[in-house]
Amino acid sequence: MKAIWRGKVIADSDRTLEVGGYLYFPRDTVRMDLLKPAPKTGSDLECPHGVQFYDVVEGEARSLRAAWSYEAPQEKMKPVDRWIGFWEDVGIG
3 MKAIWRGKVI ADSDRTLEVG GYLYFPRDTV RMDLLKPAPK TGSDLECPHG
53 VQFYDVVEGE ARSLRAAWSY EAPQEKMKPV DRWIGFWEDV GIG
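Just so we're on the same page, our numbering is the position in the sequence shown counted from 1, plus 2.
Structure below.
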């Protein structure tokens, strides 16, 4: 599976996992140089899994909060602990 943003592959793995209807990529298969931590909102701080959203950024191009990771997942999300999920402007295929 690949995560593609603006024609650029930003994640590529045959070890993705689907949890809760979203596909997650192991962190070591993601171009983390293109992800910048987004400031946490009040609802982010209330998330029981310790969510961290990321903006996808290259040069002047930016997609806000288009990726996320759980940094303190409860049991249900433990299989994707610190893995990266994508949505919004990032296509998966």
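Note that the Cβ used here is the ideal one computed from N, Cα and C, for glycine as well.
Item: Would a C-beta distance cut-off of 8 Å place D16 and K4 closer than the cut-off?; Value: no
Item: Report yes if the CB atom of W7 is closer than 8 Å to the CB atom of S65, and no otherwise.; Value: yes
Item: Given a cut-off of 8 Å, decide if Y26 and T18 are closer than it, judged by their beta-carbon atoms.; Value: yes
Item: Rounded to the nearest angstrom, how far is the Cβ of F88 from that of A74, given a contact under 8 Å?; Value: With a Cβ gap of about 20 Å, F88 and A74 do not count as contacting.
Item: With L25 as the anchor, note down where its alpha helix (DSSP H) starts and where it stops.; Value: Where L25 is concerned, there is no enclosing alpha helix (DSSP H), although the beta strand (DSSP E) it sits in stretches over Y24 to F27.
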